[in-house]
Amino acid sequence: DAGVIQSPRHEVTEMGQEVTLRCKPISGHDYLFWYRQTMMRGLELLIYFNNNVPIDDSGMPEDRFSAKMPNASFSTLKIQPSEPRDSAVYFCASSYSRGDTATNEKLFFGSGTQLSVL
Amino acid sequence: KQEVTQIPAALSVPEGENLVLNCSFTDSAIYNLQWFRQDPGKGLTSLLLIQSSQREQTSGRLNASLDKSSGRSTLYIAASQPGDSATYLCAVSLLTDSWGKLQFGAGTQVVVTP
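If you read the protein sequences in the order shown, they are chains D and W. Under the working numbering, the residue at position 71 of the first sequence is numbered 125, and the numbers go up by one with no gaps. Under the working numbering, the residue at position 47 of the second sequence is numbered 188, and the numbers go up by one with no gaps.
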């Protein structure tokens, strides 16, 4: 398996523009997570899905952020309009269900998207 | 609110020495604790996962211990190698939190010199 695949790896955009980040989870995983990493706040969970359904979006900072998972193999995180304070590394991660074996509960992260909003 | 602290923030050792990385957390009602490795410009790789009922987990040169009552976990890396240079993060999952809502420490940056 190729692991969790994210695109693009780097995104540079101007304030006010729409940004779309993409993620393909590991096949068979039924949980998908979007995390954000900044120097100031470290890693924070933004939203997660179970079987393509959003379960907890309490970490989404503002209405400018939205996430979708139209099918088991694809998810997007959209920021519209983008602001300089959104600059961060955005990670997608996936896993099997909670309560399964310890190995299956591990989160597998993608390589991240480095977002810079000028 | 759960707080996860990692000490030291940075560590440099010569090749061959054993590494000891510390993680402490304030809320002992955890579901599990994971140790991750992060290389520059890359994602996180889960190294070890310890369930709250376990005391330790081992994988090759890595051993992680968990003392839930005192809110501590330690990651030991035996006979360090230059390839072990990376940032190591610990993360806890609370019983009362959403699944996957890991609380991360700030990490320990490790440099192993040849």
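Beta carbons: idealized from backbone N, C-alpha and C, even for Gly.
Here residue 172 of chain D is exposed. Its C-beta has fewer than 16 other C-beta atoms within 10 Å. Under DSSP, the beta-bridge partners assigned to residue 227 of chain W are W:251. For chain D, the residues of the stretch 155-185 of chain W that bring a beta carbon within less than 9 angstroms of one of its beta carbons are 172, 173, 175, 177, 179, 182, 183, 184, 185, in chain order. Taking CB atoms only, residue 190 of chain W has a neighbour in chain D less than 8 angstroms away. According to the DSSP assignment, residue 123 of chain D belongs to the beta strand (DSSP E) that extends over 119-125.
Using a 10 angstroms sphere on the CB of residue 65 of chain D, the tally of other CB atoms reaches 16 or more, which defines it as buried. Beta-bridge partners of residue 96 of chain D (DSSP): D:92. Proximity of residue 122 of chain D to chain W, defined by a Cβ-Cβ separation below 8 angstroms, is not satisfied. According to the DSSP secondary-structure assignment, residue 178 of chain W is paired through a beta bridge with W:186, W:229.
Excluding the 5 residues flanking it on each side, residue 119 of chain D has same chain C-beta neighbours closer than 6 angstroms at 133, in chain order. Chain-order list of chain W residues neighbouring residue 99 of chain D: 239, 241, 242, 243, by C-beta distance under 8 angstroms. For residue 204 of chain W, the enclosing beta strand (DSSP E) stretches over residues 203-208. In this structure, the alpha-carbon of residue 112 of chain D lies about 7 angstroms from that of residue 101 of chain D. Residues of chain D with a Cβ closer than 7 angstroms to the Cβ of residue 221 of chain W do not exist, since the nearest Cβ in that chain sits about 23 angstroms away.
The beta carbon of residue 157 of chain W sits closer than 7 angstroms to those of 220, 221, all from its chain and outside the five residues before and after it, given in chain order. The C-alpha of residue 178 of chain W is placed about 34 angstroms away from the C-alpha of residue 70 of chain D.
Annotation: residue 149 of chain W to residue 87 of chain D spans about 28 angstroms, alpha carbon to alpha carbon.
Taking the beta carbon of residue 247 of chain W as reference, the chain D residues within 8 angstroms of it are 96, listed in sequence order. DSSP, read as helix, strand or coil, puts residue 63 of chain D in coil. For a cut-off of 8 angstroms, the C-beta gap from residue 237 of chain W to residue 162 of chain W is around 26 angstroms, too long to register as a contact. Annotated as distal: residue 147 of chain D and residue 169 of chain D, with beta-carbon spacing of 8 angstroms or more. Residue 166 of chain D and residue 80 of chain D have their C-alpha atoms spaced approximately 15 angstroms apart.
At a Cβ-Cβ threshold of 8 angstroms, residue 207 of chain W and residue 195 of chain W count as neighbours.
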